[in-house]
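Engineer: Please see the structure below; I have some questions.
In the UniProt record's numbering, the protein residues as written are 1 to 229.
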């Protein structure tokens, strides 16, 4: 007869096998839900380049400051297996270095949690009540993933290893997303359509150019001329 230890091992092995099979079915169920993320608007609204230092003893560098407007619908990314969606916007521009064809820097990001994982976010009591009320009777709140931002302030400034970024041309803004499920693999924004998962549309803005660094003397001259007038 089998000993108690052997029986316990067999039971645990059977349990892990069943759990793995169930997890695989849960993960594959995501492919049955359509994904139709779209970006209706993504454009810069305010551009500025300033001088600064990352550290006190560091040389002066140029930093690009970009504000933007965004109208996107990522609500189809939320299913019953979605834990949260990480959304971020990058500024990208071509590089003269042959080893690095594109420069990329994140200017803004946001984590959008599903109703089932709101407890993982740092919400206040009032905002938590609103989220729970909005999700009553719904597996997924339809408003999750709908982003409407006007003249949104940047989170991160952009720069370049050379320390110069003023008057940089051919810059575009791009929206990216990363779906983090409860069970399964992480999925990123896709450029091609796979079955019911459609490629992200309208995620790239039109090309624009950063301005030159505004000198302090120019601001003083403008102020003096206005006062004389």
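Glycine is no exception: its CB is placed at the ideal position from the N, C-alpha and C atoms. Here the structure is a predicted model, which means the values were calculated and not measured.
On the criterion of 16 or more Cβ atoms from any shown chain inside 10 Å, does residue 205 qualify as buried, or is it exposed?
Structural biologist: When all chains shown are included, residue 205 counts as buried.
Engineer: Note down the Cα distance separating residue 193 from residue 183, rounded to an integer number of angstroms.
Structural biologist: Their backbone Cα atoms lie some 22 Å apart in a straight line.
Engineer: When we look at the beta-carbon of residue 22 and count the other beta-carbons within 10 Å, is it buried (16 or more) or exposed?
Structural biologist: Its Cβ having fewer than 16 others within 10 Å, residue 22 is exposed.
Engineer: Check the C-beta distance from residue 68 over to residue 43 and give it rounded, since I have them as a contact under 8 Å.
Structural biologist: About 7 Å separates the two Cβ atoms, so the contact holds.
Engineer: Using the Cα positions of residue 52 and residue 60, report the straight-line distance between them to the nearest angstrom.
Structural biologist: About 5 Å.
Engineer: Buried or exposed for residue 64, going by 16 or more other Cβ atoms inside 10 Å?
Structural biologist: Residue 64 comes out buried.
Engineer: By the 10 Å Cβ neighbour count, where 16 or more other Cβ atoms means buried, how is residue 102 classified, buried or exposed?
Structural biologist: Residue 102 is exposed by the Cβ-count criterion.
Engineer: Quick check on residue 105: does DSSP put it in helix, strand or coil?
Structural biologist: Here residue 105 sits in strand by DSSP.
Engineer: Buried or exposed for residue 35, please, with buried defined as at least 16 other CB atoms from any protein chain shown within 10 angstroms of its CB.
Structural biologist: Residue 35 comes out buried.
Engineer: Going by DSSP, what residues sit across from residue 89 in a beta bridge?
Structural biologist: In the DSSP output, where bridge partners are listed per residue, residue 89 has 108, 175.
Engineer: Using DSSP bridges, identify the partner residues of residue 233.
Structural biologist: The question about residue 233 has no answer here: the residues shown for the chain are numbered 1 through 229.
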